[in-house]
Amino acid sequence: MRFTARAAALLFAAASALVMSSNAALSVRTVHAEPVEAEEIEFNIERYGVNRVVDFETVIEYDDTMYSDETEVVSEGVTGLYIDKMSAVFYGGELVKAELDDTVAVTEVEPRLLRVGTLPGSRADSRGYYIWPVEGVITSYFGTRSVSVGSSNHRGIDIGVPKGTAIAAADSGDVIFAGWASGYGNFVKIRHDNGDITCYGHLSKISVSEGDRVIQGDKIGEAGSTGVSTGSHLHFEIRDGGVTAVNPLNILPEEY
Ligand SMILES: [Zn+2]
0 MRFTARAAAL LFAAASALVM SSNAALSVRT VHAEPVEAEE IEFNIERYGV
50 NRVVDFETVI EYDDTMYSDE TEVVSEGVTG LYIDKMSAVF YGGELVKAEL
100 DDTVAVTEVE PRLLRVGTLP GSRADSRGYY IWPVEGVITS YFGTRSVSVG
150 SSNHRGIDIG VPKGTAIAAA DSGDVIFAGW ASGYGNFVKI RHDNGDITCY
200 GHLSKISVSE GDRVIQGDKI GEAGSTGVST GSHLHFEIRD GGVTAVNPLN
250 ILPEEY
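Numbered as in numbering that gives the first Met the number 0, the sequence shown ends at 255 without a single skipped number.
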């Protein structure tokens, strides 16, 4: 848009003025004025857009089911991009005012949402209690037994499950053995923070390596019938203090 001051001045000179009379009645008086010589001053309005970047904020949500070293990104933040539509008025080349007319969102800003645990300790710490490594039927109990295959003093329990069934770590701990062991076949031993060791025998597949830290419930392998075994099952032991095999049924929860 472009006007000149000259045009504006001429327009004014020819205008009629409205005047209020003393008795409040409206009267119209025409004022004739001589055209005024005015300097030509440029008056213009410029419209433009300004890109505006808005950084996202991080919002933290606390969760008492997670450990204090656990953090979960619920949603990644999105940086906002906006265009501020401005109009600037120049008079004689000088900026008189700039106004924001409208804002258009190219990308709406979205916060980054973090979930942070508040449980004391670490996720990798042993919980101090055991879960069932697999759900199944007990096919052989702890203690003395008469068998044609395997030990007559059974140091654990056998849980009958199909080959390939996932076997879980009964508690968090360090994998201190993962490999072949006489009688046990594919065998995994985990030492827990209290010194107890849990053992998992006859696996068809081992999914961990010696030195791994596993979390309670993590898959450590798959059930099978390797070693001295008559059918697919998990042989599970709990060794108190890492030495004395104890009856897992006295320690595991009553139900899976
Ligand atoms: Zn067994």
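Each residue gets a CB set at the ideal place from its N, CA and C atoms; glycine is no exception.
Residues near residue 251 by beta carbon distance below 7 Å, same chain, minus five either side = Short of 7 Å from the beta carbon of residue 251, and not among the five residues preceding or following it, lie these beta carbons of its own chain, in chain order: 129, 131.
message = Tell me whether residue 220, by its Cβ, gets closer than 7 Å to a heavy atom of ligand 1.
response = Not so, every heavy atom of ligand 1 lies at least 7 Å from the Cβ.
task = Measure from the alpha carbon of residue 223 to the alpha carbon of each residue in 159, 170, 195, then state which is nearest.
result = Considering only 159, 170, 195, the residue with the shortest C-alpha distance to residue 223 is 159.
message = Does the beta-carbon of residue 155, which I'm using as the reference point, lie nearer than 7 Å to any heavy atom of ligand 1?
response = Yes; taking the cut-off as 7 Å, the Cβ of residue 155 has a heavy atom of ligand 1 nearer than that.
query = Going along the chain, which unbroken runs of the alpha helix (DSSP H) with 4 or more residues stay wholly within the region 202 to 230?
reply = Restricting attention to alpha helix (DSSP H) runs no shorter than 4 residues, the region 202 to 230 encloses none.
request  = Tell me whether residue 251 sits in a helix, a strand or coil according to DSSP, three-state version.
outcome  = Coil at residue 251, not helix or strand.
key: Nearest-angstrom Cα separation, counted from residue 99 out to residue 89   = Taking the straight line joining both Cα atoms gives about 15 Å.
inquiry  = Looking at the strands, I want to know which residues DSSP matches up with residue 179.
reply    = Beta-bridge pairing by DSSP links residue 179 to 185.
ask   = Nearest to residue 154 by CA position, among 81, 238, 54, 47, is which residue?
value = For residue 154, the closest alpha carbon among the candidates 81, 238, 54, 47 is that of 238.
query = What is the DSSP secondary structure of residue 167, reduced to helix, strand or coil?
reply = Per DSSP, reduced to three states, the secondary structure at residue 167 is strand.
message = Looking only at its chain, what residues have a beta carbon closer than 6 Å to the beta carbon of residue 97, apart from the 5 residues adjacent to it on each side?
response = Closer than 6 Å at the Cβ level, and outside the excluded window around residue 97, lie 85, 87.
task = Starting from the C-beta of residue 107, find all residues in its chain whose C-beta is less than 8 Å away, skip the five residues before and the five after it, and write them out in chain order.
result = 77, 79.
request  = Measure the alpha-carbon distance for residue 92 versus residue 54 and round it to whole angstroms.
outcome  = Distance between the alpha carbons of residue 92 and residue 54 is about 35 Å.
query = For residue 118 versus residue 157, is the C-beta distance shorter than 8 Å?
reply = In this structure, residue 157 does not lie closer than 8 Å to residue 118 by Cβ.
request  = Count the other C-beta atoms from every protein chain shown that fall within 10 angstroms of the C-beta of residue 248, then say buried if there are 16 or more, exposed otherwise.
outcome  = It counts as exposed.
ask   = Would you report the Cα separation of residue 39 and residue 112, rounded to the nearest angstrom?
value = Spanning the two alpha carbons is a distance of roughly 59 Å.
ask   = What's the gap between the Cα of residue 236 and the Cα of residue 121?
value = Straight-line Cα distance between these residues: approximately 25 Å.
message = For ligand 1, I want to know if residue 139 counts as a neighbour, meaning its beta carbon is within less than 7 Å of at least one of the ligand's heavy atoms.
response = Ligand 1 approaches residue 139 closely enough that one of its heavy atoms is under 7 Å from the residue's Cβ.
inquiry  = Could you give the first and the last residue of the continuous beta strand (DSSP E) run that contains residue 43?
reply    = Segment 41 to 53, the beta strand (DSSP E) holding residue 43.
ask   = Whole-angstrom Cβ separation of residue 60 and residue 114, contact assumed at under 8 Å?
value = At roughly 5 Å, the Cβ-Cβ gap stays under 8 Å, so residue 60 and residue 114 are in contact.
query = Can the beta-carbon of residue 220 be found less than 8 Å from the beta-carbon of residue 202?
reply = Judged by their CB atoms, residue 220 and residue 202 are nearer to each other than the 8 Å cut-off.
ask   = Alpha carbon to alpha carbon, how far is residue 162 from residue 231?
value = Cα to Cα, residue 162 sits roughly 5 Å from residue 231.
inquiry  = Looking only at its chain, what residues have a beta carbon closer than 7 Å to the beta carbon of residue 182, apart from the 5 residues adjacent to it on each side?
reply    = Excluding residues within five positions, the ones whose Cβ falls inside 7 Å are 226, 227.
task = Rank 143, 104, 206 by C-alpha distance to the C-alpha of residue 50 and give the top, closest one.
result = Here the closest residue by C-alpha is 104.
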